[in-house]
Amino acid sequence: MLGQLLDNRYQVHQLLGSGGFSRTYLAQDTRRPGQPVCVVKQLVHRASDPEQLAFVRRLFRQEGEILERLGEQDQIPRLLAYFEQKEEFFLVQEYIEGLSLEQELTLPPVWNETQVLNFLKDVLTTLTFVHAQNVIHRDIKPSNLIRRHSDQKIVLLDFGAVKRIHSGDTPADGQSTLGLGTTGYAPLEQVEGRPRPGSDIYALGVMAIQGLIGVNPLQIPEDDQGELLWQVPNLHPTLTAVLRRMTRRYYWDRYDRTAAVLQDLATVEKHLYEPPETLLLPKVGNLSRQGDIVLVDDQPERLRWLSLTLVEQGFNVRSTADGTLALEMAQTQTPDLLLVEAALPGMDGYEFCQRCQSQSALQAVPVMILSDQTAPWAAVKAFSVGAVDYLPRPFKVLELIARMETRLHQGRLCREVTFLQQQLQQTQARLQMEIQCRQDLEQKLHEHPQPN
-6 MLGQLLDNRY QVHQLLGSGG FSRTYLAQDT RRPGQPVCVV KQLVHRASDP EQLAFVRRLF
54 RQEGEILERL GEQDQIPRLL AYFEQKEEFF LVQEYIEGLS LEQELTLPPV WNETQVLNFL
114 KDVLTTLTFV HAQNVIHRDI KPSNLIRRHS DQKIVLLDFG AVKRIHSGDT PADGQSTLGL
174 GTTGYAPLEQ VEGRPRPGSD IYALGVMAIQ GLIGVNPLQI PEDDQGELLW QVPNLHPTLT
234 AVLRRMTRRY YWDRYDRTAA VLQDLATVEK HLYEPPETLL LPKVGNLSRQ GDIVLVDDQP
294 ERLRWLSLTL VEQGFNVRST ADGTLALEMA QTQTPDLLLV EAALPGMDGY EFCQRCQSQS
354 ALQAVPVMIL SDQTAPWAAV KAFSVGAVDY LPRPFKVLEL IARMETRLHQ GRLCREVTFL
414 QQQLQQTQAR LQMEIQCRQD LEQKLHEHPQ PN
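What follows is the structure in structure tokens.
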């Protein structure tokens, strides 16, 4: 196939991919100004007699009409042509320059909340258009999504025109494909041959979870009811609930419309980014009083009073009288701040702080120590073991909150810097990969020049 001129127009230069259902080539359109690059997909069929061939031809034309209609959406490649040549069927589509999400998901770090939200909204908007055309994609997976280089939008590829022809065939490339779908991404009803719009939603949810935890879907365990078992510390609970509903085992427990998912994601976004409501207490600068706090104090009344006070001021508080239990709570879900009493039985506040410093997951969590001891040595000791602040009693609640806000704000700034550094590293890696892909393409074109 390489080097051939298809339909007296498309000069084939490079094999991009091959499977049991199709072979995809990079080609040049010799009849357009500048001879732009395009993608030619050869549909592999097994029709062995005229009747079967006629059926394949009719189905191919129907699929071509569907793909042409879908190409009106900006994040679906445009269908440029479809034709038959020597009883072989070909689709010609727009070439998308970008990075496959299959490649992106191999790059560190894992996705954060913002990246997952943007990913879901981006693809769900495209799927809303697709489903409105009474079409189900049926094979949402990382290799069928590409982040377009020009605007970073995600483009949805491979609507599997030929896969309908091979509804029961086993692909020759060894990939486990379930009719129209891939193991790990295809939900139960699709495996049983009854796909629905919610089947695409399931696959998209699985991809979002994969991006958050960095684990292939086949490696995600299931509970006794077949539901996926996964957890991301500090992930917003509303986003967690949305992802769990997107990936329910049975379709009747799952979202059935993309609009419903987008509506719930808007709620998540509102909770994540909406400024906090005005509080009755005087404001400390313009800092946000939202944060997850682990509070440790062995005096029940004092613990209860301070816990209720902080909750009233907008903090999420997990409280306990035991230092060891507090460490376990912090390890299970990393808090934004640890507020600990110095004079705890068994493990006091200073040892607690040292334990936190010895654990990589808690080293970055600020620890504030509260104490009845007003002597200077107590504060010096607190700072020497890694505490960020020391507050002796009696203290005013406003002073405590002001100090907490300052430490939380500093923590947010540190996390933001870390996140920006990770984004920069990821962008650099992606650009390097794209540059290499472009160089490989230019090399291939140079090796196979257009004949005079």
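The letter at position 317 of the sequence shown is residue 310 when you use the numbering used here, and the numbering goes up by one with no holes. No residue lacks a Cβ here, since even glycine has one placed at the ideal position from N, Cα and C.
Which residues bound the alpha helix (DSSP H) around L100? Here L100 belongs to no alpha helix (DSSP H), and DSSP marks it neither H nor E.
Do Y75 and G489 count as a contact pair if the criterion is CB distance below 8 angstroms? The shown model of the chain, from -6 to 445, leaves out residue 489, and the question about it has no answer.
What do you reckon, is the C-beta of D0 under 7 angstroms from a heavy atom of the ligand ADP? No copy of the ligand ADP occurs in the structure displayed, which carries no ligand at all.
Option nearest L205 by Cα separation, candidates G177, S300 and V103: V103
Distance between Q35 and V5 (C-alpha atoms, nearest Å): 11 angstroms
Residue from I394, V381, G404 and D365 whose Cα sits closest to the Cα of P387: D365
Buried or exposed: where does M(-6) fall if 16 or more other Cβ atoms within 10 Å of its Cβ makes it buried? exposed
Taking the beta strand (DSSP E) that V33 belongs to, which residues open and close that run? V30 to L36
Which residue or residues does DSSP assign as beta-bridge partners of N309? D285
Going by C-alpha to C-alpha distance, which of P26, L120 and R187 sits closest to I147? L120
Determine whether the beta carbon atoms of Q183 and G174 lie at a separation below 8 angstroms. yes
Quick check on the DSSP output: what are the complete alpha helix (DSSP H) runs of length 4 or more inside the segment 48 to 102, in order along the chain? 94 to 97
Below 8 angstroms on the Cβ atoms is my contact criterion, and I expect L331 with V360 to pass it. Report the Cβ-Cβ distance as a whole number of Å. 4 angstroms
Use the C-beta contact count for G342: other C-beta atoms within 10 angstroms, 16 or more gives buried, fewer gives exposed. buried
Tell me, to the nearest whole angstrom, how far the beta carbon of H38 is from that of E427; I am working on the premise that it is less than 8 angstroms. Wrong, their Cβ atoms sit about 34 angstroms apart, outside the cutoff.
Would you check if the distance between the CB atom of V310 and the CB atom of L296 is smaller than 8 angstroms? no
For G316, name the three-state secondary structure that DSSP assigns. helix
Taking 8 angstroms as the threshold, find out whether the segment 110 to 117 comes into contact with the segment 421 to 437 through three or more Cβ pairs. no
G10 - containing beta strand (DSSP E), residue span: Y3 to S11
Taking the C-alpha atoms as reference points, what is the distance between L8 and A357? 48 angstroms
When DSSP labels each residue in this structure, what does S143 get in the three-state scheme? coil
Selected residue, minimal CA-CA separation from G207, among E95, D246 and A395: E95
Where DSSP assigns a beta bridge to Y383, which residues make up the other side? I362
Work out the CA separation of Y243 and L363 for me, nearest whole Å. 50 angstroms
Residues near Q419 by beta carbon distance below 6 angstroms, same chain, minus five either side: L100
If you compare alpha carbons, which of Y195, R71, Y88 and Q324 is closest to I129? Y195
Assuming the contact rule is C-beta atoms closer than 8 angstroms, L320 and R348 should be a hit. Round their C-beta distance to whole Å, please. 6 angstroms
Between the C-alpha atoms of V199 and L228, what's the straight-line distance to the nearest angstrom? 16 angstroms
What number of angstroms, rounded off, separates the C-alpha of A20 from the C-alpha of Y88? 9 angstroms
Kindly indicate which three-state DSSP category R295 falls into: helix, strand or coil? helix
Identify which residue in A368, L434 and L211 has its Cα closest to the Cα of A179. L211
Taking only three categories from DSSP, how would you classify V123? helix
List the residues that DSSP assigns as beta-bridge partners of T17. G10 and K34
Extent of the continuous alpha helix (DSSP H) to which E344 belongs: G342 to Q350
A368 to L384, Cα distance in whole Å? 11 angstroms
Residues of its chain near R247, where Cβ-Cβ distance is below 7 angstroms and the 5 sequence neighbours each way are ignored: G191, I194, Y195, R238, M239 and R241
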